[in-house]
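Working notes for the structure below.
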């Protein structure tokens, strides 16, 4: 299967602002192969593929396509060479239909009368062939993340892609959507295509890839057939010596979380002084109290009758399938949007009265779910991003003036401590990779002692060592007596860290489980709305 | 990675190359645009070298040329800041000339109505009247944006036209100077005029005011919490809001501040240069201010330097028109090309 190479990249080098992103990287893609490109944040995976797709120019190295040396200067060249790429963040016009998003950029017969009927038929046929069910007339804004991604894949197929690059394709997908993506990828390979699958999630590459190349710090570490190595070998290649696997939280936790324990389910009553928690925790002071919360969004209830408490030295997890009210819940707790009914108290103070700025001043930290939309200033530099939300307080500010010397000193420390790959505090934030942006958000939230942390999918897009680091920080907080509201779509994460897990379904907390009574099956049932 | 290596690979290139890397694109853009403009000038049959010398040299050959340049520099600097301050918050103030005109009207009105006041009282009042009215002219679109989400580009542009009519009315009906053949008011009291730094050629103290304000704006945007919040709002209003910054209020504030800056340019024109309200006094400062702001990429430290460069070009242009008969519009082409090349250098650097 992998005898003949359709594509070879040799000795590729690329530096950004003096920082070496790729150091003589070789990459060989076989015909009809699914090739996993694995590595941590900033390992150079996306940079390498952006060079192949003509978005960047390599400083050195060559690309050999089907035995011939090629020069790819722009995505247009790449498309002419039948290379397609699906980015992590989609570039789509939300108010346009699927067909209207796919067709622009391809030859159009009659420019004056844009006839999309023929195109729609072709799109539908392509979808049929590869199992990408999508209605060409549907509007993008009405589609789920999984469907939007299928549109991006169709975009590449419509342009005749034979080599398809998928950049972190599973980031925003539900487990079911991930499965269907794998089916699609396998169908494509059966039709003779080759696929490059960029990810930092080992489990995914092991599930779907034929061969795996691991990059670390911009260098090749190894390339192996999937069956020729164990999971541990790949983990070691990815993380190097940075992580002691046997002592890590992530790998230690797996066993305990999977052990089925007797299910003891309790629905928390809608009272502010709930006794639903375990004895040890219930005795402690509540840091966060959510009381009978209702939120309407355009007249539709998105949070319904939510009541729970988070106490000091507790990690309270919220489990649920994405889009079940987690975002509005987090935003009401942080004072970003108002509650329609009910109230939220932090240290006994009404959030509606003190507002977000007041909460931040009290020492509440927030890691928003959508890092690009809600948590990052792409045009500002890394230091400016690191102080967002703490910018009014000492040591960053004094008497209305910012102390840049201190800010840069702290930023240098945070960049080193949180392993943010950047040229320095003065680098423009927009240059950072997705995982590094997440590290900035994490560093910002943990930089100051916070007695309450609201973290929404805090490890999304992070590699194993970084995730490990976040987990250790969260547990440190708990040991220190601080409270955490951990909203996550990663059930493993919640099982590993939480003292209690509340399950949210259609905006309602349908059940709360205590540690010791955690049961994956029961949680799964609650997440799909089945009550016992 | 050990510390030494970190320094060599990450820290050193950033700081050593930093300043050169920032200035180099500007230098290249200016050279390239002058070269391109040279082609036009040559194609029209004029002496290219002579044209260059006139454009770039007029400001520095005679004291008069230099003072002329400084007099151009003051309104250009303030107009550019009136554009860049709201731009930091992601808002476009295209009403600089209207705000300048109402500022000039305010300064003139005070200078005529309170002509009996002594200079230490009247002069500050004249200046502040311009600042205040300019700020009010910025408050209107700011408030419409805050309260009703009216697009500020539209409202600031439209208020320019209102200000033209106001000026016309005042210069022809209220305090018209019947001796002038053009809509003009009578002069303001001498006590309301800015003192001269140099008598001949005449240079008024307005430039000190403008430079002090520019320094203040730079400190505000780069060193204060308020300036940081302005930049955060401009960079990502949604993220700023999530982290407790009231972007709507800041946008309102930024437009008021922009109006005040443009208003100040109006009062300096009245108190320092014209001493009376004249129709057309806004020249094309608005457009040039926007170009300066864009070439400086909104960086308030770069604005004064770019503004000075544009002032040199402007003075050179009128000299070129007078002595070589080359149309002054040629300089517009140079300015536009500089902007295009600077923007282009961004695209090239990113790849």
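Residue numbers (this note's numbering), protein chains in the order written: chain A, 40 to 571; chain B, 188 to 538.
A virtual CB, placed ideally from N, CA and C, is assigned to each residue, including glycine.
{"Check": "Is there a Cβ from chain E that is less than 9 Å from the Cβ of residue 418 (chain B)?", "Outcome": "In the structure shown, chain E cannot be found, because the protein chains are A and B."}
{"Check": "I want to verify the contact list: residues of chain A whose CB lies under 8 Å from the CB of residue 294 (chain B), in sequence order.", "Outcome": "The contacting residues do not exist; residue 294 (chain B) stays about 30 Å from chain A at best."}
{"Check": "Does the count of Cβ pairs from the stretch 201 to 221 of chain A and the stretch 119 to 133 of chain A closer than 8 Å reach three?", "Outcome": "yes"}
{"Check": "Can you list, in chain order, the residues of its chain with a C-beta nearer than 7 Å to that of residue 278 (chain B)? Leave out the 5 residues immediately preceding and following it.", "Outcome": "339, 438, 441 and 442"}
{"Check": "Report the neighbours of residue 396 (chain A) on chain B: residues whose CB is nearer than 9 Å to its CB, in chain order.", "Outcome": "430, 431, 432 and 433"}
{"Check": "Based on the DSSP output, what are the partners of residue 344 (chain A) in its beta bridges?", "Outcome": "Paired residues: none, contrary to the question."}
{"Check": "Is residue 222 (chain B) close to chain A? Criterion is C-beta to C-beta, closer than 9 Å.", "Outcome": "no"}
{"Check": "When the Cα of residue 470 (chain B) is compared with those of B:298, B:420 and B:456, which residue comes out closest?", "Outcome": "B:456"}
{"Check": "Determine the contact status of residue 297 (chain B) and residue 528 (chain B), defining contact as a CB-CB distance below 9 Å.", "Outcome": "no"}
{"Check": "Report the partner residues of residue 547 (chain A) according to the DSSP bridge assignment.", "Outcome": "A:544"}
{"Check": "Pull up the distance between the alpha-carbon of residue 563 (chain A) and that of residue 344 (chain A), whole angstroms please.", "Outcome": "21 Å"}
{"Check": "According to the neighbour-count rule (16 or more other Cβ atoms, all chains shown, within 10 Å of its Cβ), is residue 229 (chain A) buried or exposed?", "Outcome": "exposed"}
{"Check": "Do residue 124 (chain A) and residue 226 (chain A) have their C-beta atoms closer together than 9 Å?", "Outcome": "no"}
{"Check": "Between residue 122 (chain A) and chain B, is the shortest Cβ-Cβ distance under 9 Å, so that the two count as touching?", "Outcome": "no"}
{"Check": "Relative to the C-alpha of residue 486 (chain B), which residue among A:192, A:419 and A:250 is closest?", "Outcome": "A:419"}
{"Check": "Give the interface partners of residue 430 (chain A) over in chain B, defined as CB-CB distance under 7 Å, in chain order.", "Outcome": "412 and 415"}
{"Check": "Going by C-alpha distance, which of A:67, A:63, A:272 and A:53 is nearest residue 235 (chain A)?", "Outcome": "A:67"}
{"Check": "Please check if any C-beta of chain B sits within less than 9 Å of the C-beta of residue 407 (chain A).", "Outcome": "yes"}
{"Check": "Along the chain, which unbroken stretches of the beta strand (DSSP E) at least 3 residues long are found entirely within the stretch 424 to 500 of chain A?", "Outcome": "491 to 495"}
{"Check": "What whole-angstrom Cβ distance do residue 491 (chain A) and residue 326 (chain A) have, given they're in contact under 8 Å?", "Outcome": "5 Å"}
{"Check": "Taking beta-carbon pairs under 9 Å, can you tell me which members of the stretch 383 to 413 of chain B lie near chain A?", "Outcome": "406, 409, 410, 411, 412 and 413"}
{"Check": "Look up residue 287 (chain B) in the DSSP assignment and say whether it is helix, strand or coil.", "Outcome": "helix"}
{"Check": "Where does residue 95 (chain A) sit, in a helix, a strand or coil, going by DSSP?", "Outcome": "coil"}
{"Check": "Please report the straight-line C-alpha distance between residue 306 (chain A) and residue 551 (chain A), rounded to a whole angstrom.", "Outcome": "Note that residue 306 (chain A) has pLDDT 35, beneath the 50 cutoff, so the model's placement of it is unreliable and no number is given."}
{"Check": "I want to verify the contact list: residues of chain A whose CB lies under 7 Å from the CB of residue 425 (chain B), in sequence order.", "Outcome": "412 and 413"}
{"Check": "Assuming residue 111 (chain A) and residue 369 (chain A) form a contact by the criterion Cβ under 8 Å, report the distance between their Cβ atoms to the nearest whole angstrom.", "Outcome": "42 Å between Cβ atoms; not a contact."}
{"Check": "Taking residue 431 (chain A) as the reference, which of A:404, A:396 and A:462 has the closest Cα?", "Outcome": "A:396"}
{"Check": "Do three or more CB pairs link the stretch 301 to 310 of chain B to the stretch 240 to 253 of chain B at distances below 8 Å?", "Outcome": "no"}
{"Check": "Using 8 Å for Cβ pairs, my map puts residue 77 (chain A) next to residue 401 (chain A). What's the rounded Cβ distance?", "Outcome": "Actually they are not in contact, since the Cβ atoms of residue 77 (chain A) and residue 401 (chain A) sit about 42 Å apart, beyond 8 Å."}
{"Check": "Does residue 44 (chain A) get closer than 9 Å to chain B when you measure Cβ to Cβ?", "Outcome": "no"}
{"Check": "Please tell me whether residue 447 (chain A) has its Cβ less than 9 Å away from any Cβ of chain B.", "Outcome": "no"}
{"Check": "Quickly, what does DSSP pair residue 101 (chain A) with across the bridge? List them, please.", "Outcome": "A:49"}
{"Check": "Pairs of beta-carbons, one from the stretch 380 to 394 of chain B and one from the stretch 376 to 394 of chain A, closer than 8 Å: are there three or more?", "Outcome": "no"}
{"Check": "Could you tell me whether any Cβ in chain B is nearer than 9 Å to the Cβ of residue 423 (chain A)?", "Outcome": "yes"}
{"Check": "Taking the beta carbon of residue 172 (chain A) as the centre, do at least 16 other beta carbons fall within 10 Å, making it buried, or is it exposed?", "Outcome": "exposed"}
{"Check": "Need the endpoints of the beta strand (DSSP E) that residue 124 (chain A) sits in, please.", "Outcome": "122 to 125"}
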